[in-house]
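Visitor:
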Amino acid sequence: MYERLMKLIKENLPDKDLSNAKPESRLIEDLGMDSIGMMMLSMSIEDEFGVTFDAPVTFKTVQDVLDFLAKNATK
Amino acid sequence: MDNKHTIVIDTLGSDKGPEAIIEGAKMVLDEFPEINLTIVGDEELIKSKNLPSNRVKIIHAPETVTNYDNPIEAFYKKANVSVFKAVEECAKDENAIGIISVGNTGALLVGTLRYLLDEKRTRPALAAILPNMQKGFTCLVDTGASIDCGPSQLVEFAHLGTDFMKKLYKIENPRVGLLSNGSEPTKGNHLVKETHPLLAKEEGINFIGNVEGSKALSGMCDVLVAEGFAGNQVLKNTEGMAINMITEIMKFGKKTGNEEITQQIAGYLMKTYDFESLGAGIMLGARKYVLKCRGSSGPVAIRSASKILINIISNKTFYE
């Protein structure tokens, strides 16, 4: 699941070197995601993992996303 | 309603109020009998204008996204926002060729992301099509949809602008410039310096190098690529300078008793550079045409933007 998620993050951050990214990396402060990027990432996550967001995503770290997916992913 | 091409118009968000936008919609109906409209906003107000029901569909969505709202939060928390409903309708209606909105740019971007992303999931860019000194037009991209960008995003903008100018202006190999503070490849901030070599080797891009702000509308390039922050400055400065120049010409005419001739000159310049006549910016990278008029737009801008869409489907150029 981690690799699948990092692939989506990389697609949204093509200019960033994510080789040192870790589960505790913060999406905005450490990886450089902006608000539109977060929205596009949430849409990619919906498609990839079969989840639905009915509110703006408030994930702080990669681990937050993984925790959410562990509970809610359907594929 | 028959199967005519349809334009979706979001009536909320103009400084001049929804009446001005509905008046623009009425102009479109009068001038272009081949077009139907879907008008989104306050249903009671729209109905009170007695528009022809066989050509107009009304969608009630009286809420707006203000400049103090976070557009992404508004998307989830407000149920009846006109711009979101309008983009959704544009996506769903097979006959809809595009949407025209004067509302919050961020909200229009969020709506486009949610409902009208293309298959490649391109991050949309807001382009302005500006008259240049060689009697042609220059596509300035981005003008504010992405304030901060990375180099690969600017390369993506170059492709979006190139595709647009090929399709709309029939330019076989559009010349692409990169906005910088000097024409030499060594000039520019980190972003420009990193982007320059990428554009130079990018397949399908006819890169002519860095272009200074003073040459932005010289006609030396057909597509001018910039991050949203810088592109927006070029756009607003150009408009501000045009207004200043026209005002000074009018003052000079009054002072020297040459008002008749200076009014003619000012009229010509206003027609050439007036954003009401030019209509709208266009969101590139969407599945359908998303046109953004300025917040101070009135009826003429709605008519001009509609004409742009009609030109597109008629295989004419943007401002023909």
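Residue numbers (our numbering), protein chains in the order written: chain A, 164 to 238; chain B, 19 to 338. Just so you know, even glycine gets a beta-carbon here, dropped at the ideal spot from N, CA and C.
Using the rule of at least 16 other Cβ atoms within 10 Å of the residue's Cβ for burial, across every protein chain shown, is residue 182 of chain A buried or exposed?
Guide: Exposed is the call here.
Visitor: Buried or exposed, going by whether 16 or more other CB atoms sit within 10 Å of the CB of residue 241 of chain A?
Guide: For residue 241 of chain A there is no data in the structure shown, the boundaries of chain A being 164 and 238.
Visitor: DSSP beta-bridge partners for residue 308 of chain B?
Guide: According to DSSP, which records beta bridges pairwise, residue 308 of chain B is partnered with B:117, B:301.
Visitor: Report back the beta-carbon spacing between residue 144 of chain B and residue 310 of chain B to the nearest angstrom; my notes put them in contact at under 8 Å.
Guide: With 8 Å as the limit, residue 144 of chain B and residue 310 of chain B qualify as a contact, their Cβ atoms being about 6 Å apart.
Visitor: Please name the residue, chosen from B:283, B:256, B:257, that lies closest to residue 269 of chain B on a Cα-to-Cα basis.
Guide: When each option's Cα is compared against that of residue 269 of chain B, the closest is B:283.
Visitor: Can at least three beta-carbon pairs, one atom from the stretch 26-43 of chain B and one from the stretch 109-129 of chain B, be found at a separation below 8 Å?
Guide: A contact exists between the stretch 26-43 of chain B and the stretch 109-129 of chain B.
Visitor: Between A:215, A:220, A:176, A:187, which lies nearest to residue 235 of chain A when the distance is taken from Cα to Cα?
Guide: When each option's Cα is compared against that of residue 235 of chain A, the closest is A:215.
Visitor: Helix, strand or coil: which one does DSSP assign to residue 244 of chain B?
Guide: Residue state, collapsed to three classes: coil.
Visitor: Determine the direct distance from the alpha carbon of residue 200 of chain A to that of residue 166 of chain A, and round the result to whole angstroms.
Guide: Residue 166 of chain A and residue 200 of chain A: Cα-Cα distance of roughly 19 Å.
Visitor: Take residue 221 of chain A as the anchor and find which of B:64, B:325, B:90, B:117 has the nearest alpha-carbon.
Guide: For residue 221 of chain A, the nearest C-alpha among the options comes from B:90.
Visitor: Check whether chain B comes within 9 Å of residue 208 of chain A, counting only Cβ atoms and requiring the distance to be less than that.
Guide: Chain B contact via Cβ: absent.
Visitor: Nearest-angstrom Cα distance between residue 209 of chain B and residue 196 of chain A?
Guide: Those two C-alpha atoms are separated by around 17 Å.
Visitor: Would you give the residue range spanned by the beta strand (DSSP E) that residue 28 of chain B belongs to?
Guide: Start and end: 23-28.
Visitor: Would you decide whether residue 174 of chain B is buried or exposed? Buried here means 16 or more other CB atoms lie within 10 Å of its CB.
Guide: So residue 174 of chain B counts as buried.
Visitor: Taking contact to mean 3 or more Cβ pairs, one atom from each stretch, closer than 8 Å, check whether the stretch 149-169 of chain B and the stretch 237-252 of chain B are in contact.
Guide: Verdict: yes, contact present.
Visitor: Going by the CB atoms, is the gap between residue 56 of chain B and residue 104 of chain B shorter than 9 Å?
Guide: Yes.
Visitor: Can you tell me whether residue 214 of chain A is helix, strand or coil according to DSSP?
Guide: Of the three classes helix, strand and coil, the one that applies to residue 214 of chain A here is coil, per DSSP.
Visitor: Whose CA, out of A:170, A:186, A:202, lies closest to the CA of residue 228 of chain A?
Guide: When each option's Cα is compared against that of residue 228 of chain A, the closest is A:186.
Visitor: Tell me the rounded alpha-carbon separation between residue 345 of chain B and residue 288 of chain B.
Guide: This structure cannot settle anything about residue 345 of chain B, because the visible part of chain B is limited to 19 through 338.
Visitor: Classify residue 321 of chain B as helix, strand or coil using the three-state DSSP reduction.
Guide: Helix, per DSSP.
Visitor: Sort B:216, B:222, B:221 by Cα distance to residue 228 of chain B and report the nearest one.
Guide: Here the closest residue by C-alpha is B:216.
Visitor: Please list, in chain order, all residues of the same chain as residue 225 of chain B whose beta carbon is under 6 Å from its beta carbon, the five residues on each side excluded.
Guide: Excluding residues within five positions, the ones whose Cβ falls inside 6 Å are 194, 217, 218.
Visitor: Cα separation between residue 152 of chain B and residue 189 of chain B?
Guide: Those two C-alpha atoms are separated by around 14 Å.
Visitor: Are the C-beta atoms of residue 186 of chain A and some chain B residue less than 9 Å apart?
Guide: Not closer than 9 Å to any Cβ of chain B, the Cβ of residue 186 of chain A fails to qualify, so no.
Visitor: Which word fits residue 192 of chain B, buried or exposed, when buried means at least 16 other C-beta atoms lie within 10 angstroms of its C-beta?
Guide: Buried, since its Cβ has 16 or more Cβ neighbours within 10 Å.
Visitor: Quick one: which unbroken alpha helix (DSSP H) runs of 4-plus residues sit fully inside the stretch 75-144 of chain B? Chain order, please.
Guide: List check, alpha helix (DSSP H) in window: 89-95, 100-110, 123-133.
Visitor: Quick check on residue 138 of chain B: buried or exposed, where buried means 16 or more other Cβ atoms within 10 Å of its Cβ?
Guide: Looking at its Cβ environment, which holds fewer than 16 other Cβ atoms inside 10 Å, residue 138 of chain B is exposed.
Visitor: Compare the beta carbon distance of residue 196 of chain B and residue 244 of chain B with 9 Å and say whether it is the shorter of the two.
Guide: In contact: residue 196 of chain B and residue 244 of chain B (Cβ atoms closer than 9 Å).
Visitor: In chain B, which residues lie with their C-beta within 7 Å of the C-beta of residue 198 of chain A?
Guide: Ordered by position in chain B, the residues that pass the 7 Å Cβ test against residue 198 of chain A are 90.
Visitor: Near residue 271 of chain B, what residues of its chain come up, given a Cβ to Cβ distance below 6 Å and the 5 sequence neighbours on each side ignored?
Guide: The answer, listed in chain order, is 277, 280.
Visitor: Just reading off the alpha helix (DSSP H) that residue 167 of chain A is part of, what are its end residues?
Guide: First-last of the alpha helix (DSSP H) with residue 167 of chain A: 165-175.
Visitor: Would you kindly report the start and end of the unbroken alpha helix (DSSP H) that includes residue 170 of chain B?
Guide: Start and end: 169-187.
Visitor: Within 10 Å of its beta-carbon, does residue 160 of chain B have 16 or more other beta-carbons around it, so buried, or fewer, so exposed?
Guide: Classification for residue 160 of chain B: buried.
Visitor: If the criterion is Cβ atoms closer than 9 Å, does the pair residue 83 of chain B and residue 101 of chain B meet it?
Guide: Their beta carbons are under 9 Å apart, which means residue 83 of chain B touches residue 101 of chain B by this criterion.
Visitor: Tell me the DSSP bridge mates of residue 239 of chain B?
Guide: Residue 239 of chain B pairs with nothing; no bridge assigned.
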